[in-house]
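> According to numbering that gives the first Met the number 0, the sequence shown is numbered sequentially starting from 0.
Even for Gly, the Cβ is constructed at its ideal location relative to N, Cα and C.
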Amino acid sequence: MMLIPAAILASFLMASAQLGDPTTRCRSFESDICTAWNSTTFPNILKHANAMEANSYVNDYFDHDGQPFINCHPFLKQFLCMTTFPFCQNEYTVKPCRSFCEEVYEKCSCALEAAGLKWPDELNCNVYPNSSTCYSPPSTQVACPSCQIRVKSQALKSLLAKDMPMYAHVRITETHFDSCVVYYDAHLITRYKPSRMRGGAADNPTPIRIVTDYPTNCPRCVVMKRGVEYLVGGEFKTDPFGVKSIYILPRNAPIKKWNTFKPGKVERILGPGTD
0 MMLIPAAILA SFLMASAQLG DPTTRCRSFE SDICTAWNST TFPNILKHAN AMEANSYVND
60 YFDHDGQPFI NCHPFLKQFL CMTTFPFCQN EYTVKPCRSF CEEVYEKCSC ALEAAGLKWP
120 DELNCNVYPN SSTCYSPPST QVACPSCQIR VKSQALKSLL AKDMPMYAHV RITETHFDSC
180 VVYYDAHLIT RYKPSRMRGG AADNPTPIRI VTDYPTNCPR CVVMKRGVEY LVGGEFKTDP
240 FGVKSIYILP RNAPIKKWNT FKPGKVERIL GPGTD
C-alpha cells in the first residue's frame, strides 16, 4: 500500500492549516494507527467526542500490523485517519476533501461488497468539505499486480517458506469476476493457520469468502476453478461486521492445486488441522 511519508504529509498539513477552518481548540492525541501527526480537535466529522471513541472506530478497519482490513485504495489509511483525527494547528483544522472521500468510495465500496460488506453509512461523502483548504492526496496510477501463483515445479517446502499468516485447504464453489476485484466463494476443508481447525462435516461445510487484490480490469494470470481444491496462503481477517470468515490473498500469496501434493505432506510441514 502506498503511503505519503509522515514528514511530507505533516508538512503539507501544517501549510494548509494556515488557511484551514477555524476551530475551538487543538488537542494532542495518541493512536496506534494514526501517527503522522499528533494534534486534532473534537468532535470530528463522525461526531466522536474524544480520542478514545475515535480510536475505537478507526481500529476496526486495521489488523494488528496496522494494515487496512481491505486494501482497496493507496491512501485509505490517510483518509480514515484524517476523518477520525483531523489535523489541527494554531486553532485551525484540515479535513479530507469531499473529492478524496468520493475517490476512496469509488475504489473501496465494490471491494467491500466483494467481501460481503458494505460502505459504512457514517462515511457519507456529502458531509466532507469541498473547499481549497481541505486535503486530497496526489492522484496515483496503480499498476496491475504481478502474478501471484508460484511456478509448478516449486517444492512444497519452498512454497510454504514465506510463512504466510494463513494456510488453508479449500474447495472453490463459485468464481466472481464481475466486481472491481476478483473474489471466490469456497468451502473450508482444513485451516492450518492462524488456528488449526476442520471445516465442518461434508454435508455442512464451512463457507468462506476469498478476496484477492486483483482488479478485474487487469490481466488475470491465475484463476482458481470451481469445484477444484487448492492450498492457499494469505491473510485471515476476522470480519469486524460479523458477516463471515474472509481470506485475503495478496499478490504474493502461494496457490497450488491440492491434488499435486502427496498425502500427509502438508500436515508434516504445517501440523495437522484439528477440530
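1) Name the two residues that bound the continuous beta strand (DSSP E) containing Lys-192.
2) So is Arg-190 buried or exposed if we call it buried at 16+ other beta carbons inside 10 Å?
3) Can you grab the Cα-Cα spacing for the pair Val-242 / Arg-225, in whole Å?
4) Say the cut is 7 Å; is the CB of Pro-128 nearer than that to a heavy atom of the ligand SAM?
5) Could you pull the DSSP bridge partners for Cys-107 from this structure?
6) Using 8 Å as the threshold, is the C-beta distance between Ser-38 and Cys-96 below it?
7) Cys-33 and Phe-84 - do their beta-carbons sit closer together than 8 Å?
8) How is Leu-130 classed by DSSP in three states: helix, strand or coil?
9) Could you compute how far the alpha carbon of Val-210 sits from the alpha carbon of Glu-90?
10) How about His-186 and Ala-113: do their beta carbons lie closer than 8 Å?
11) Taking the alpha-carbon of Ser-298 as reference, which of Met-165, Thr-92 and Lys-264 has the nearest alpha-carbon?
12) With DSSP as the reference, please indicate the residues paired to Ala-167 in a beta bridge.
13) State buried or exposed for Gly-263, treating a residue as buried only when at least 16 other CB atoms are found within 10 Å of its CB.
14) What does the alpha-carbon distance come out to for the pair Thr-259 and Val-181?
This is what the structure holds:
1) 180 to 192
2) buried
3) For Val-242, the predicted structure reports a pLDDT of 49, less than 50, and the residue's modelled location is therefore unreliable. A value from the coordinates is still provided. Their backbone Cα atoms lie some 22 Å apart in a straight line.
4) Summarising the ligand content, the structure contains no ligands, and the ligand SAM is consequently not present.
5) BP columns for Cys-107 are empty, so no partner.
6) no
7) yes
8) In the sequence as displayed, the identity of residue 130 is Ser instead of Leu. Reduced to three states, the DSSP call for Ser-130 is coil.
9) 43 Å
10) no
11) Outside the shown range of the chain, which is 0 to 274, sits residue 298, and nothing can be said about it.
12) Arg-190 and Val-231
13) exposed
14) 24 Å
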